[in-house]
Each structure stands twice: as structure tokens, then as C-alpha cells.
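Right, one structure below, let's go through it.
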Amino acid sequence: MSGHKPIPFFDLPAILAPHHDELSVAWQAMLVRGDFVGGTELERFETEFAEYCETSHCVGVANGTDALQLILAASGVGPGDAVIVPANTFIATAEAVCAVGAVPQFVDVLPDTLLIDPAAVVAAVRPATVAIIAVHLFGQVADMDRLSEIARRHGLLLIEDAAQAHGARFAGIRAGALGAAGAFSFYPSKNLGALGDGGAVVSKHADLVARVRTLANHGRSEGDRFRHGMRGRNSRLDSLQAAILAIRLRHLDTENYRRQELAAKYRAELSAHTPIVAVHPKAEAVYHLFVVQVDNRRRVMNALCEANIGWGLHYPIPCHRQPAFVEFNEPLPVAEAAANQILSLPMFPSLKVDDVSTVSEVVRSAV
Ligand SMILES: *Cc1c(COP(=O)(O)O)cnc(C)c1O
């Protein structure tokens with residue numbers, strides 16, 4: 000296995016390299032114009048990203064965690080409320096709930112997709128429960144048919160954490176346009192990434208989006224910048240990042256398609272040898288991550304390291320087992336078992352098909 004160049008887990012410079020000229024032009028134009036906060040670049044990106052998500056409104060915010068927090072705050076979620084969150088997610092989903100003074104209720108995930116288990120959601124509903132956050136982890140989409148039905152039946156708000164799912168679909172509908180509102184992150188390694196932090200809220204509900212916009216802009220009243228009708232905060236998407244994102248957005252579908260091709264290659268190479276995290280039959284995944292489940296993970300990781308191949312773990316400690324959340328520590332067996340087996344393999348649009356074969360060969364010989 001020594002005859003190949005190192006294969007990184009993720010290679011941002013390689014992804015950006017074909018776009019250097021376009022990005023430089025945008026950068027230079029911003030320097031000349033000088034509107035670094037707000038302005039036409041931001042408005043244009045918000046319009047284009049809402050269109051991309053096939054929904055009506057978008058507000059750029061500072062990061063994905065803020066996007067979730069602002070949706071919750073704008074929906075009136077606060078102290079005394081509980082919000083259902085899958086145990087298998089990035090910690091930010093739960094942090095956003097805590098940031099508005101509410102309590103996360105961690106629930107288990109499905110053994111095949113490792114996404115939120117609708118039956119566990121039903122079992123978790125209490126009088127204090129006001130919302131569900133469906134996390135579309137790995138670029139997949141949670142079972143939004145069943146979650147929508149559960150939310151309707153129990154009068155709960157259904158929010159999407161689409162931080163890993165830009166462009167994914169469920170029953171033909173884009174992630175972010177399936178629930179009451181969708182939160183996106185533009186952290187550099189996401190499928191749509193800025194050159195720094197960034198995030199967005201999308202929704203078809205004009206009133207909800209208007210409240211998010213006001214809260215994210217110091218609670219400032221529409222039409223009178225000296226009047227603050229709500230106690231807000233500052234959470235903005237920089238105009239420079241918006242300009243960069245507008246360029247990268249034009250390449251997103253091509254890049255997602257490339258990820259799907261690479262995923263198909265991994266599947267062909269590995270499915271007979273080790274379980275691969277499943278995609279719901281109605282979902283069209285965009286493979287933010289490609290995740291396999293292996294019993295002897297230490298051995299596989301060592302073999303990859305020896306072959307100069309990168310790997311990742313998403314996530315080795317479920318949220319309810321994190322020291323930060325000790326008081327929520329009830330057993331959630333599916334999430335806990337999966338945490339010991341999941342392994343993320345190299346996945347990014349400029350990865351070569353031959354690299355997928357090389358990685359797969361190493362995984363096959365180690366499992
Ligand atoms: C990245 C991520 C977030 C948080 O986004 P930031 O922009 O880093 O705040 C939230 N949820 C999930 C699932 C993520 O992957």
C-alpha cells in the first residue's frame with residue numbers, strides 16, 4: 000500500500016484551487032466598495048440561497064449554532080421548555096437549546112441511518128416539550144415524513160439542523176425547506192463553506208424570518224434604526240463571506256454530485272465487507288461524510304494511518320455522554336454502540352476515484 004501519495008481526510012486548498020480567480024475578483028471588489036457589513040452582496044446571497052433551498056426567505060447569521068439558537072428564540076422557546084435532540088449529533092445542536100435557556104431531551108437514533116428515531120421522539124414527548132430538532136447528519140436527511148406527522152400530532156415545532164446537508168433532499172424537497180425553519184452552517188469544511196465562520200436561517204414563514212433578522216441585529220425595529228423593539232444580539236454573516244459563498248454556491252450541485260459518485264464507488268468497494276451507514280429510501284444524500292461501521296476500529300484506524308490515509312470520527316462520544324451534559328445521562332443504546340464503531344473515510348469533491356479504491360483496499364484488508 001506504500002506506492003500512493005498521502006490521502007487526506009479533507010483537503011480544502013484542493014477544493015478551492017479551481018476557484019481562486021473568481022474568489023480573488025470578489026475579494027478585490029469588496030476592498031474597493033468597502034461595505035463589509037450588510038449591503039448588496041449579503042442581500043444577493045440571501046436571495047440566492049433561499050432559491051437554492053427552494054424556499055422563500057433566508058437570513059445570513061454568524062454561524063450554524065447561532066442559526067439554531069435564533070430560530071428557537073424567534074419561536075419563543077425559552078426557560079421551562081424542553082427540546083428533543085438526537086444523541087448522535089455535533090454538540091452545537093444541544094448548545095443552541097441551552098443558549099435560549101431551554102433543556103435538551105436527548106433521544107436515540109435508528110441503527111441503520113444513525114439519525115433521530117421517530118419512535119424515540121414519540122416516547123420522549125412530555126408536557127414541557129415544545130420542539131424537535133431533526134439533524135440531517137452526514138449529508139443525509141432524517142425521516143421527515145414521520146417527524147412532521149409527530150410534530151403535527153403533538154403540536155411541536157419541527158426545526159431542521161441542516162449544517163451538514165446543503166442541497167440534500169427528502170421526497171424531492173430540499174433540506175431546510177422541510178420543517179418550520181432550517182439552520183445552516185458555512186464553517187469551511189461543510190459542503191458549502193465560507194473562508195471562516197458563517198451561517199443562515201431559511202424558512203417559508205416570513206414572520207419567523209423577520210423575527211430572526213431583528214434578533215440578530217440588536218433587536219432593531221424595521222424602519223427605525225434607533226428603536227430596539229426586542230432584546231436582540233449581534234449575529235451577522237460578513238459581506239465578504241456572503242460574496243465568497245455566492246460564488247461557491249454556483250458550484251455546489253456539481254460538487255455534491257461528485258460526492259455522490261465517490262460514495263457510490265465506496266459502496267461498490269465496501270458494502271460486501273463492512274456495514275455502511277444507510278440512507279432513507281426517500282432521501283437524496285449529499286455525503287458531507289462517508290461513514291462505515293467497523294467492529295475493530297482501532298485496527299482499521301492504524302492501518303489507514305500506516306498507509307498515510309486520513310480518517311475522522313463523527314462522533315465518538317454521544318452528546319448525552321459528554322461531561323458537559325452529565326445530568327442527562329440515561330442510556331441510549333443505539334447511539335452508544337454506534338459511537339464505538341463509526342469511522343468517517345476521506346470524502347471531498349476533489350478526491351480521486353482511484354483514491355477511493357486505495358482507501359477501500361486498506362479498509363477491506365483491516366476489517
Ligand atoms: C457544524 C455543525 C453545527 C454548528 O455550526 P457552526 O457554524 O460551527 O456553529 C451544528 N450542527 C451540526 C450537525 C454541525 O455539523
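If you count by numbering that gives the first Met the number 0, then the sequence shown holds residues 0 to 366, one letter each, in order.
Here a beta-carbon is modelled for each residue, glycine too, at the ideal position from N, C-alpha and C.
Among all the DSSP beta bridges, which residues are the ones paired with residue i?
{"i": "Gly171", "result": "Paired residues: none, contrary to the question."}
{"i": "Phe105", "result": "Val84"}
{"i": "Gly228", "result": "DSSP lists no partner for Gly228."}
{"i": "Thr128", "result": "Ala81"}
{"i": "Ala182", "result": "Asp160 and Val200"}
{"i": "Ile308", "result": "Ile6"}
{"i": "Gln139", "result": "Beta-bridge pairing links Gln139 to no other residue."}
{"i": "Phe289", "result": "Leu344"}
{"i": "Ala133", "result": "Glu159"}
{"i": "Asn233", "result": "Asn216"}
{"i": "Ile275", "result": "Val291"}
Taking residue i as the reference, give the member of the options with the closest Cα.
{"i": "Glu426", "options": "Phe347, Pro85 and Arg43", "result": "Here the chain comprises residues numbered 0 to 366, so residue 426 is not present and cannot be evaluated."}
{"i": "Glu326", "options": "His3, Pro103 and Pro78", "result": "Pro103"}
{"i": "Ser147", "options": "Ala267, Val36 and Pro117", "result": "Pro117"}
{"i": "Ala262", "options": "Asn307, Gly192, Leu239 and Met346", "result": "Met346"}
{"i": "Phe324", "options": "Arg224, Phe169 and Val96", "result": "Val96"}
{"i": "Arg232", "options": "Ala245, Ile316 and Arg210", "result": "Arg210"}
{"i": "Thr367", "options": "Val362, Asn301, Leu303 and Phe289", "result": "As shown, the chain starts at 0 and ends at 366. That puts residue 367 outside it, with no answer to give."}
{"i": "Tyr256", "options": "His279, Leu269, His287 and Lys203", "result": "His287"}
{"i": "Ile83", "options": "Ala271, Arg168, Cys318 and Gln240", "result": "Cys318"}
{"i": "Arg151", "options": "Gly175, Ala167 and Ala179", "result": "Ala179"}
{"i": "Leu251", "options": "Phe9, Glu40, Tyr51 and Glu42", "result": "Tyr51"}
{"i": "Pro401", "options": "Ser356, Ser349 and Ala49", "result": "Missing from the structure shown is residue 401; the chain here goes from 0 to 366 and no further."}
{"i": "Ala215", "options": "Gly38, Ala61, Pro5 and Glu21", "result": "Ala61"}
{"i": "Phe137", "options": "Val291, Glu268 and Arg212", "result": "Val291"}
{"i": "Val24", "options": "Val124, Gly154, Ala245 and Asp10", "result": "Ala245"}
{"i": "Phe169", "options": "Ala282, Ala205, Gly59 and Ala72", "result": "Ala282"}
{"i": "Ser359", "options": "Thr273, Ile90, Ala334 and Leu331", "result": "Thr273"}
{"i": "Ala141", "options": "His153, Val120, Leu30 and Ala337", "result": "Val120"}
{"i": "Phe35", "options": "Leu177, Pro315, Lys4 and Ile243", "result": "Ile243"}
{"i": "Ala302", "options": "Glu254, Asn339, Arg258 and Thr357", "result": "Thr357"}
{"i": "Asp80", "options": "Leu71, Thr88 and Asn87", "result": "Leu71"}
{"i": "Gly171", "options": "Leu239, Val76 and Pro280", "result": "Pro280"}
{"i": "Gly166", "options": "Asp144, His153, Met143 and Leu191", "result": "Leu191"}
{"i": "Ala164", "options": "Lys264, Val278, His217 and Val106", "result": "Val278"}
{"i": "Asp65", "options": "Leu11, Phe185, Ala28 and Lys4", "result": "Phe185"}
{"i": "Val106", "options": "Asp237, Pro332, Pro78 and Arg363", "result": "Pro332"}
{"i": "Ile316", "options": "Ile308, Ala306 and Pro330", "result": "Pro330"}
Grab the span of the alpha helix (DSSP H) containing residue i for me, first residue to last.
{"i": "Glu254", "result": "Ser238 to Leu269"}
{"i": "Thr64", "result": "Gly63 to Ala73"}
{"i": "Glu221", "result": "Element bounds for Glu221: n/a, residue is neither H nor E."}
{"i": "Leu41", "result": "Thr39 to Tyr51"}
{"i": "Ser23", "result": "His19 to Arg32"}
{"i": "Ala284", "result": "That residue, Ala284, is in no alpha helix (DSSP H); it is neither H nor E in DSSP."}
{"i": "Cys97", "result": "Ala91 to Ala98"}
{"i": "Glu360", "result": "Val352 to Ala365"}
{"i": "Leu15", "result": "Leu11 to Leu15"}
{"i": "Ala176", "result": "Premise fails: Ala176 is in no alpha helix (DSSP H) and is neither H nor E."}
{"i": "Glu335", "result": "Pro332 to Ala338"}
{"i": "Pro117", "result": "Pro117 to Ala123"}
Starting from residue i, trace the beta strand (DSSP E) both ways and give me its first and last residue.
{"i": "His204", "result": "No beta strand (DSSP E) contains His204, which DSSP labels as neither H nor E."}
{"i": "Val60", "result": "His56 to Val60"}
For the putative contact between residue i and residue j, defined by C-beta atoms under 8 Å, what is the C-beta separation to the nearest angstrom?
{"i": "Asn199", "j": "Phe183", "result": "Residue identity check: residue 199 is Ala in the sequence provided, not Asn. With 8 Å as the limit, Ala199 and Phe183 qualify as a contact, their Cβ atoms being about 5 Å apart."}
{"i": "Ile115", "j": "Val134", "result": "6 Å"}
{"i": "His227", "j": "Arg235", "result": "Actually they are not in contact, since the Cβ atoms of His227 and Arg235 sit about 16 Å apart, beyond 8 Å."}
{"i": "Val201", "j": "His56", "result": "7 Å"}
{"i": "Arg173", "j": "Glu53", "result": "5 Å"}
{"i": "Trp310", "j": "Leu344", "result": "6 Å"}
{"i": "Leu441", "j": "Ile131", "result": "Beyond the ends of the chain as shown, which are 0 and 366, falls residue 441; an answer cannot be given."}
{"i": "Arg298", "j": "Ala365", "result": "5 Å"}
{"i": "Gly59", "j": "Phe44", "result": "7 Å"}
{"i": "Gly63", "j": "Ala93", "result": "Not really, about 13 Å apart at Cβ, beyond 8 Å."}
{"i": "Ile6", "j": "Asp354", "result": "5 Å"}
{"i": "Arg296", "j": "Leu342", "result": "6 Å"}
{"i": "Ala98", "j": "Val76", "result": "10 Å between Cβ atoms; not a contact."}
For residue i and chain B, any beta-carbon pair shorter than 7 Å?
{"i": "Val290", "result": "In summary, chain B is missing from the structure at hand, where a single protein chain is found."}
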